[in-house]
Every structure is written in C-alpha cells, then in structure tokens.
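So the protein lines, in turn, are chains G and E. Taken in order, the first sequence gives residues 1 to 366; the numbers are from full-length UniProt numbering. Taken in order, the second sequence gives residues 1 to 543; the numbers are from full-length UniProt numbering.
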Amino acid sequence: MALFFYLKPNPVPPLSDRPHRPQLNRKGFFHPLVLLCWVGFLPFVFSLFSPLPGHGFKLGLVILAMTGLGYLVFQVKRNLLWAVLLVLPIYGFTCLGYADPDFYLQAAASSGFERVLGPSSELWLGSDYEGRDILATLVLGGKNAYTVGLYCCLTALALGIPFGLGLTSNSPWIKNPSFWVVQFYEIVPQIFFVLIVLGVYNFWAAESAGERLTESYSLPIAGIAIGLSSLPAIARIIENRILLLKSERFVLALESSNVSRTKVLLYNLLWKNCTAEILIQTTFLFGSALLLESALSFAFEIGFGDLGTGGYQSWGKLLAEARRSILFGENGWIVLPPIVATLLSIMGVNALGQRLAQSSSGSEES
Amino acid sequence: MSQSAPVLSVKNLRLTVKRLGLEVVAGVSFAVYPGETVALLGESGAGKSTLFKAILQLLNNSQWDQEGEILFGSTQVNGLSPKELEQVRGPQVRCIFQEPALSLNPSLLIDRQLSEAVLAVEPGLNSTEVEARIDLALTEAGLSPSLVKGKYPAEVSGGQRQRVGIAMSLCAKAALLLADEPSNSLDSVTVTGLVESLLKLKAQGRIQSLLIVTHDLGVLRALGCERVLFMHQGELFEVGNIQEVLSNPRHPKLAEIVGQIKEIRALEKTVQKAKVLEDQEPLVSAKGVSFAYAKKGLWKKPGVPTLKDVEFQLAPGQFVGLVGNSGSGKSTLVKLLTRELEDYGGDLKFHGKSLVEHGLRKNRSFFFRNLQTIFQEPADTFDPSQTLGENLTECFTALGLGSEDILSIFDQLLGRLLLDKRMLAERPRNLSGGQKQRFALARAFGVKPLLLLADEPFNNLDLIAQQRLVELMLERKADPLHPLSCILVSHDIGLVSRICDQVWVVDQGRIVESGTVEEVLDRPKEAATLRLIHAAKALGSFG
C-alpha cells in the first residue's frame with residue numbers, strides 16, 4: 001500500500017498552469033529505493049574501508065543502488081530514463097571494480113580454467129585464450145575505462161572553461177594566447193597526441209625507475225592526455241554561448257544596475273546559462289574518451305608504440321587478444337563481449353547527452 | 001460589397017497545439033471582400049499572430065491541429081502541398097512582417113532580393129521591366145533607388161533597411177496584403193510614408209484588400225478601416241468600423257481597452273508643466289559633446305561622428321522629450337549617459353561630477369542608483385535562467401540595498417503594478433510579456449532614481465504598463481525630496497508634447513532645436529521638426 005502511494009504519478013496540473021514545470025513529488029525523496037540510490041556511492045567507500053566482506057553482498061548492493069538510481073531518474077526526469085538505463089551497466093561495472101578489486105583481479109589473473117570455455121553457470125561469459133574469466137576481465141576493463149573517462153572530463157573542464165572564457169575576452173592579450181592554445185589542440189590529431197604524451201611519459205618514468213617498464217601505460221596520464229586534446233570541445237561551446245548571450249539585453253540591464261562585469265560573466269552567463277551546454281558536451285566527451293581509450297589499448301596490445309603489454313585490463317586489450325579466434329577460424333564468439341560492452345556504454349552515454357540536450361532545449365521553448 | 005466573391009474567407013477555423021491540447025484559435029469565421037481594409041485588434045496572446053500564420057500556412061503541422069477551411073478565392077489552402085502553395089502565397093497574398101528590416105538576407109545584394117520577390121510572382125518579366133518595378137517600389141517606400149541598389153543590407157542604415165523591407169512587400173501585385181504590426185518598430189515619419197503608399201497602392205488597384213494587425217489606433221484611423229475585427233481568447237467578433245469602436249465599443253473587453261487608452265490620455269492631461277528655474281544647478285549638463293563609433297580594423301580609426309557638439313542642460317524635476325528620426329543619434333546620446341559607450345569628446349556632467357569620475361568604483365553605486373534606464377524592449381531584460389525575484393535582488397544588491405530595503409520595495413511596488421508576490425518565484429518565460437514589462441518598471445522605480453532614461457518606452461509596453469509608467473513618473477516628479485527628471489526618447493512628437501516640459505529635436509547628430517513644448521510646436525524653425533510634426537498630425541497622435 002505504501003509502495004502504491006509512492007508510485008502514484010504526479011497530479012496533472014490544469015491547463016492554465018501548464019507552462020509551469022511539473023513539480024517533483026517531494027515524498028519521492030524518502031522512498032526506500034531512492035535512499036538506496038545514495039548507497040550507490042558506498043562501493044567507492046567500500047573499496048577503501050571494506051566493512052563487510054563477501055563478494056555476493058557487494059554485488060547485491062550495487063544492483064540495488066542501480067535500481068535506486070533508475071527510480072530516482074524515473075521520478076525526476078522521466079525522459080532521461082532509457083538513456084540512463086543504458087548507462088547504468090557501466091556505472092555498475094565501475095562500482096564493482098572499485099568495490100571488490102581483489103576478487104576480480106584474482107579472477108582475471110588465475111588462469112586455472114581451461115582455455116576458451118563457452119558460457120556456463122560457473123563462468124557466465126566463459127573463459128578466454130589465457131584461461132581467465134571473461135566477466136572478471138570485463139569488469140576490470142570497465143572500471144579502467146571509466147577512470148580514464150573521468151580524468152578526461154575533469155581535465156577538459158578544468159582547462160576548457162578558462163580557455164573558453166579567455167576566447168570571449170575583449171583584450172587581445174588574453175584572447176590571442178587562448179586562441180593559440182585552443183587551435184593547437186584542434187589541429188593536432190587526437191590519437192597521435194595521446195600516443196606521444198604516453199610515450200614521453202613512459203620514457204621518463206623508465207628513466208627515473210632505472211629499468212624498462214613492463215606496465216603498458218598509466219591510466220591517469222592517459223585520461224589527462226585525452227582530456228587535453230579534447231579541450232577545444234568545451235572551450236568552443238563556451239565561446240559560442242557567451243558571445244551569443246553577451247549581446248542579449250539582460251546583460252546590459254544588469255551592468256546598468258552596477259553589477260560588476262566579472263560577476264555577470266561568471267555567475268549570470270557561465271554558471272546560470274552555460275551549465276546545461278557544458279554538461280551535455282561533457283557526456284559526449286566521456287563517450288569519445290571511452291572509445292579512444294579502447295582504441296589506444298588495442299593499439300598497444302597489437303604492438304603499436306612499443307610500450308609493452310600486460311598491466312591494465314581494458315576492453316580494447318581484450319578485443320586485441322580475442323582477435324586470434326578470427327585467425328584460427330573458430331570460437332568467433334569470444335570477440336563479442338568486449339565489443340558489446342564498448343558499444344553499449346558509448347551508445348548509452350551518447351543517448352544520455354542527446355536526451356539532456358533535448359530536454360534543456362525543450363524546456364526553454366515552452 | 002457582399003455580392004462580389006470574397007478574396008479571403010475563413011470558415012470555422014480551429015487551431016490547437018497538439019502537445020498541450022490548447023485551443024489558440026477557437027472556431028473563427030470571417031471574410032475579406034475586394035477593396036476592403038480590415039483591421040484585426042486584440043491583446044497580445046489573443047491568437048492574432050497564430051491566425052496570420054495559419055492564413056499563410058506557415059504553421060508547423062506536426063505541432064498544430066488545423067480544422068476548418070481557409071479559402072483564397074475558390075482554392076482551399078489548408079492541406080495544399082508546398083509546390084501548390086507557391087501559386088497562392090506570391091500572387092494572391094503577400095505579407096509585411098513585424099520587423100521588415102529583419103526579413104532581408106544579409107549576404108545578397110538588395111536589388112537581387114527585390115528582383116527575386118518580383119520574379120516569384122510574375123516570372124515572365126524581362127530584366128528592364130523588373131528594374132522598373134523595383135525602382136517604383138523603392139520610390140514608393142520613400143527611398144531613391146540609386147541610394148540602395150548594388151549594396152548589401154549591412155551597408156545601409158537601419159531606417160533605410162526597414163524601407164527596403166517594405167518595398168519588398170509592395171513590389172508586386174497581390175490580391176490581399178497582410179500586415180502584422182507594421183508600425184511597431186518604425187519611426188513615425190516612415191509610418192506615415194507606409195500609410196500613404198498603402199493607400200496609393202489600393203487606389204491604383206495593385207492590391208485589392210488589406211488585412212492589418214496593429215494596436216496603433218492612429219494608423220487605423222489614417223488608413224480608414226471599414227471593418228474592425230476584435231479577437232479575444234481565440235474568438236473573433238465583428239465590431240463595426242473604427243469610429244464606432246472608439247465611440248461605442250460593443251465587446252466588454254474592447255470597452256476595457258478603449259477605456260484604458262482614454263484613462264492614459266486623461267492622466268496625461270493632469271501633467272503640470274514645470275518651469276525652468278534659472279538659478280537651479282542642472283542635474284545633467286553637456287558641453288560640446290561629440291562621439292564617433294570606432295571602425296573595426298587593424299588600425300582603429302575614428303568613423304563618421306554620430307554626435308557633434310551637443311550642448312544641453314537638464315534641471316531637476318524636468319521631463320525632456322528627445323525626438324528625432326531613427327539614425328539621428330538619440331540612442332547614442334542615451335548610451336553615453338548610461339556609460340555604455342565611453343571615449344566621448346567634450347564635457348558631460350551628472351549631479352555636478354563628470355561621467356568619467358562617476359565611473360570610479362566608489363562612485364559607481366551612487367551613479368547607477370540615481371540613473372535608471374527603461375530599455376526598448378523591457379520584457380527581454382531579465383536573465384532567463386534566474387527567477388524574477390533573483391533577477392531583481394541581484395540588481396538591487398549591486399546598487400547597495402540591504403535585504404530589508406528590497407523586501408519593502410517589493411511590498412510597496414508590486415501591488416501597485418498589479419503583480420503578485422508569488423510571481424517572484426517564476427522564471428521569466430513563465431510570465432506574459434506585460435507582466436515582465438511591469439517587473440522592469442519595478443526595477444527602475446524601486447531605487448528612487450533622480451534621472452530616468454526611457455528609450456521608446458511606449459512602443460512595446462502594453463496598456464496597463466503604459467498607464468502605470470505614466471502614473472509613477474508623474475508621482476515621482478512631484479516628490480519634493482527626490483524630484484525625478486526624465487529623458488524620454490521617442491520619434492513620436494505628439495506623445496512627447498503631452499508628457500514632457502521640454503522638447504529637444506535631434507537631427508544628424510546635433511540638437512537642432514530645443515525649448516518648451518509650446519515654443520517648439522507652435523513656432524518650429526527647423527525642417528526636421530516640421531517633418532516630425534507633420535507625421536504626428538497625420539497619425540493623429542496629438543489628440
């Protein structure tokens with residue numbers, strides 16, 4: 001009965017009030033499922049403190065958290081639901097990878113299984129050519145891909161916003177240098193830039209360690225390099241949006257009320273009127289970072305770049321290892337898990353961005 | 001007249017927004033017969049523009065449900081394919097849009113665009129005939145053809161662009177001409193020109209009938225509308241001719257509107273003209289002020305001067321009307337006063353200090369508090385992503401007001417402006433244009449300014465907002481402690497003569513004539529003043 005009460009749809013407002021936004025049902029916040037959504041952040045905490053042992057417990061918790069997140073989206077923004085459902089698996093992968101790294105590392109490292117077993121009740125996705133659990137490697141790859149994407153987005157935001165603001169400046173001393181930096185990253189091909197940065201970093205790290213490194217590359221450095229090279233995406237969108245808004249009348253009205261120009265620029269223009277666009281662009285960036293990361297690890301795995309193999313699990317690396325099934329002409333299904341995982345998560349992230357864009361432009365019209 | 005077949009007949013038209021199920025036009029039927037001039041009145045939001053778009057078949061069918069019939073002659077236009085619509089839209093019906101200057105393509109030569117408009121209707125013409133048509137249309141719109149031909153829209157002035165836009169609508173034959181608020185953004189001299197050329201076109205039979213949407217009663221009177229249609233909440237009423245509407249309105253809502261117009265006029269009659277006291281220190285004074293927009297380029301060189309040697313003095317408690325054609329430099333003068341433009345030559349003082357001194361950080365709060373502006377389109381002057389309360393609070397806080405002061409301003413002003421306190425929690429897009437305009441008035445009058453700069457305030461305000469604006473202005477003017485002065489920028493000398501104490505006529509960057517209203521109106525010396533007075537008389541705005 002209580003559940004029915006919570007799930008009751010919001011009352012439809014009368015026609016005269018239609019332009020008003022439908023209000024969130026406040027009681028929805030205290031729904032048990034929504035409360036569980038906050039538990040979704042706990043796996044990260046578990047990865048540090050781990051109060052309760054047991055893999056099954058953590059798995060159950062992550063699944064509950066994902067359900068809660070889905071329910072919250074259902075309550076707040078129903079039109080985002082399908083997009084979010086597509087993204088949820090990657091969130092779950094990451095949570096699990098962080099919550100229980102030992103379990104999955106062991107599962108992925110132990111080659112006790114027979115090679116290339118089909119899916120069974122024990123091994124849900126079977127085992128690969130090294131005799132490892134494919135599901136475990138998928139989870140670790142997802143966690144790593146997510147980490148790279150996160151670093152990429154943070155770097156692009158941290159540098160793209162100041163450079164984007166610099167592009168809108170009237171002073172040539174600020175505008176021109178920002179322009180040069182942004183244009184440099186627009187011109188340089190992304191994958192070469194990232195390869196060069198990683199190569200230089202590895203060379204430097206090997207030099208300082210005094211030996212040849214066996215690890216393939218550093219995840220944060222890869223993320224930051226991808227973020228640097230996709231800085232123009234953020235900077236340009238801020239430039240466009242702010243140049244457009246600057247000519248609006250309300251800016252003039254604010255400035256003639258003695259609101260300082262810096263405040264108008266940072267608060268009214270950037271924070272109040274650009275956040276939606278930046279958020280949407282960032283989701284697309286996240287998707288492209290996932291793609292670039294798997295391309296990168298694929299390239300390293302097939303011997304491009306001379307950085308060695310081993311180390312981090314990644315969907316691209318899984319695919320590179322599985323490609324020999326095509327050479328042998330048997331067990332072709334083994335390429336499917338990494339491909340489907342990459343495809344689904346990139347599609348999900350892009351769908352989320354698209355839905356966000358639609359809902360933000362739609363709300364402005366009505 | 002009813003024996004001949006109608007040019008346009010609309011039968012039982014219903015237009016519904018699909019997504020909301022909202023009926024914007026509810027069962028409208030009317031007809032326009034050849035030779036008629038029909039006016040369509042109504043408040044904003046009554047469905048006039050939607051009806052216009054439906055007549056031109058410009059509504060997006062995926063968002064709108066259309067029921068009923070729209071007939072041009074004997075062809076039904078709703079449901080026609082785009083190819084078939086081409087046969088209707090050019091030769092049968094043409095339209096003058098709200099901002100004729102904006103209907104030009106910026107990257108095509110002006111004569112190329114005009115010839116396109118001619119050839120779309122009469123494809124058989126050869127180039128010399130087209131040329132003759134264009135010349136004729138441009139002359140009728142009040143432009144000499146050699147001035148604009150071979151130029152891009154950006155190369156001619158704003159007023160000239162408007163006239164080109166009008167010429168484009170007038171250059172070919174049409175059975176019916178639709179005009180959607182054509183006088184809204186034009187200055188009064190251009191409007192009289194437009195009215196004259198419309199009358200001429202009808203007399204020559206180049207357009208048969210005219211359907212015009214406007215809230216400018218002067219234009220309607222000058223055009224001599226035979227029939228007035230009134231639209232209210234999606235329904236249409238026949239309300240007789242224009243004289244009847246003004247003397248004896250039949251519909252209660254229309255009576256209310258006419259009553260408001262009369263009320264504003266009555267309020268304006270109570271204006272007591274202030275005397276200029278010689279010994280008073282002027283609030284604003286200018287000596288030899290000149291300004292030129294810098295041209296963009298590698299080397300910044302000064303362009304053609306927009307203001308030359310402007311001199312004036314404004315005493316506290318004085319209302320001044322700044323009149324002149326568009327492009328004469330009025331707006332530049334206002335922008336100098338609000339410090340939106342800097343780097344002027346000469347001496348410009350406000351409250352005893354030069355404007356450069358006012359620009360210092362410590363003086364800025366005082367300056368902006370005492371100088372408030374009502375912008376040309378006050379409804380657009382709110383940050384769309386903040387609520388109105390946040391918008392107003394941000395401005396008031398920046399002007400140095402505490403939260404208690406702000407709350408007391410809300411208490412005093414919002415009720416008077418017919419606004420609800422709950423509206424403060426709304427985003428601007430959820431309020432109507434009139435409500436936003438009244439919020440803009442609250443922002444301007446909340447801080448008790450000494451000087452109010454109003455740039456064409458009556459052009460875009462709805463009637464309630466106009467009434468409140470006049471009321472507040474007069475009340476603050478009589479305030480002994482903070483007497484309000486006002487610089488009212490307008491191209492309508494009739495309006496200025498009713499409210500203001502003094503008139504300054506601006507022409508080509510100079511104040512060519514100044515003095516009290518009586519002096520200037522009764523004994524005009526300059527050609528520019530005479531032109532403005534003539535235009536105002538033609539539109540009946542002295543009445």
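Note that beta-carbon positions come from the ideal geometry of N, C-alpha and C, so glycine has one too.
Residue i - partner residues in DSSP beta bridges
i             : result
Ser209/E      : Leu176/E
Cys395/E      : Per DSSP, none; premise fails for Cys395/E.
His351/E      : Looking at the DSSP assignment, His351/E forms no beta bridge with any residue, so it has no partner.
Ser9/E        : Ala31/E and Leu71/E
Glu235/E      : His232/E
Val310/E      : Val289/E
Gln372/E      : Leu452/E
residue 368/G : Past the edges of chain G, shown from 1 to 366, lies residue 368/G, and the structure says nothing about it.
Asp65/E       : Thr16/E
Gly321/E      : Leu488/E and Val503/E
Val25/E       : Leu15/E
Val284/E      : Leu314/E and Phe350/E
Glu513/E      : Val505/E
Run of the alpha helix (DSSP H) containing residue i, from where it starts to where it stops
i        : result
Cys152/G : Ile134 to Leu167
Arg221/E : Leu217 to Leu223
Thr37/E  : Careful: Thr37/E lies outside any alpha helix (DSSP H), inside the beta strand (DSSP E) at Thr37 to Gly42.
Arg265/E : Pro252 to Lys269
Val245/E : Ile242 to Ser247
Lys330/E : Lys330 to Leu337
Gln466/E : Leu463 to Lys477
Gln437/E : Gly433 to Gly446
Cβ shell of residue i (< 6 Å), same chain only, five flanking positions each side left out
i        : result
Arg510/E : Lys308
Asn12/E  : Gly27, Ser29 and Gly68
Ser297/G : Ser314, Gly316 and Lys317
Ile96/E  : Ser169, Ala179 and Pro182
Gln354/G : none
Gly227/G : Cys152, Thr155 and Ala156
Arg250/E : Val239
Arg476/E : Leu484
Endpoints, the beta strand (DSSP E) within which residue i is located
i             : result
Trp315/G      : Here Trp315/G belongs to no beta strand (DSSP E); instead the alpha helix (DSSP H) covers Trp315 to Ala322.
Val517/E      : No beta strand (DSSP E) contains Val517/E, which is instead part of the alpha helix (DSSP H) from Val517 to Asp522.
residue 553/E : There is simply no residue 553/E to check, as chain E begins at 1 and stops at 543 in what is shown.
Ala454/E      : Leu451 to Asp455
Trp504/E      : Gln502 to Asp507
Val259/G      : Element bounds for Val259/G: n/a, residue is neither H nor E.
Val93/E       : Val93 to Ile96
Rounded Cβ spacing between residue i and residue j (contact assumed at less than 8 Å)
i        : j        : result
Leu441/E : Ala478/E : With a Cβ gap of about 18 Å, Leu441/E and Ala478/E do not count as contacting.
Leu211/E : Ile242/E : Not quite, the Cβ-Cβ distance comes to about 14 Å (not below 8 Å), so this is no contact.
Phe410/E : Phe250/G : Their Cβ separation, rounded to whole angstroms, is 20 Å, which puts Phe410/E and Phe250/G out of contact at 8 Å.
Glu293/G : Ala222/G : 7 Å
Glu239/G : Thr168/G : 6 Å
Thr387/E : Leu337/E : Wrong, their Cβ atoms sit about 30 Å apart, outside the cutoff.
Asp507/E : Gly345/E : Wrong, their Cβ atoms sit about 20 Å apart, outside the cutoff.
Gln63/E  : Leu85/E  : Contact doesn't hold; Cβ gap of about 18 Å is too wide.
Met347/G : Leu86/G  : 6 Å
Pro384/E : Arg429/E : 6 Å
Ser230/G : Leu285/G : 5 Å
Lys58/G  : Phe93/G  : That pair is no contact at about 13 Å.
Asp128/G : Ile326/G : In fact, because the Cβ distance is near 14 Å, the residues do not count as touching under 8 Å.
8 Å CB neighbourhood of residue i in its chain, flanking five on each side removed
i        : result
Cys395/E : Arg443
Leu102/E : Gly165
Nonlocal neighbours in the same chain, by C-beta distance under 7 Å from residue i, ignoring five residues either side
i             : result
residue 572/E : Residue 572/E cannot be examined here, being either before or after the span of chain E that is shown, 1 to 543.
Ala357/G      : Ile280
Gln437/E      : Pro378, Ala379, Leu461, Asp462 and Ala465
Glu519/E      : none
Practice task
Tell me, please, whether the stretch 489-505 of chain E touches the stretch 452-459 of chain E by the rule of three or more beta-carbon pairs shorter than 8 Å.
Solution key: yes
Exercise for the section: Taking 8 Å as the threshold, find out whether the stretch 122-133 of chain G comes into contact with the stretch 201-211 of chain G through three or more Cβ pairs. Expected result: no
Practice task
Please confirm if the stretch 468-476 of chain E is in contact with the stretch 255-272 of chain E, defined as three or more CB-CB distances below 8 Å between the two stretches.
Solution key: yes
Handout entry: the stretch 279-294 of chain E touching the stretch 345-357 of chain E, judged by at least three CB pairs closer than 8 Å
Key = yes
Handout entry: Inter-stretch contact at 8 Å, needing at least 3 Cβ pairs: the stretch 153-170 of chain E / the stretch 110-119 of chain E
Key = yes
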